[in-house]
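Below: the structure, in structure tokens.
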Amino acid sequence: MVEIKIDLEKCTGCGTCVDTCPVGVFEIQNEKSVVVNLDECLICRACEAQCPENAIEIIE
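Position one of the sequence shown corresponds to residue 23 (the numbering used here), numbered consecutively onward.
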């Protein structure tokens with residue numbers, strides 16, 4: 023099972039993770055990124071790599 027940690031202190035709500043994720047794991051809510059479809063995560067780590075604030079951590 024995968025866990026996705028979002029550091030809300032670092033997250034600016036830019037939406038890069040939403041745009042990068044191929045399966046729609048993220049949404050922007052209240053100007054922050056939120057995991058809404060964890061079961062769909064492919065563990066491709068694109069969100070982690072593309073986040074300009076380094077606010078996303080994928081834990082396997």
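Each residue gets a CB set at the ideal place from its N, CA and C atoms; glycine is no exception.
Predicted model only: the values in this text are computed from it and were never measured.
message: I need the straight-line Cα distance from F48 to M23, nearest angstrom please.
response: Locating residue 48 in the sequence shown gives position 26, counting from the first residue. Locating residue 23 in the sequence shown gives position 1, counting from the first residue. Roughly 17 Å separates the two Cα atoms.
query: Looking only at its own chain, which residues have a Cβ that is under 6 Å from the Cβ of N59, when we skip the five neighbours before and after it?
result: Taking the first residue of the sequence shown as position 1, residue 59 is located at position 37. Here the set comprises G46, V47.
- request: Count the other C-beta atoms from every protein chain shown that fall within 10 angstroms of the C-beta of T38, then say buried if there are 16 or more, exposed otherwise.
  value: Here residue 38 is taken as the residue at index 16 of the sequence shown, counted from 1. T38 should be labelled buried.
query: Contact check, C33 vs E75 under 8 Å by CB: the rounded distance?
result: Residue 33 sits at position 11 when you count from the first residue of the sequence shown. Residue 75 sits at position 53 when you count from the first residue of the sequence shown. Correct: roughly 6 Å between the Cβ atoms.
message: Within the continuous alpha helix (DSSP H) that includes E9, where are the two ends?
response: Any question about residue 9 goes unanswered here, given that the chain covers just 23 to 82.
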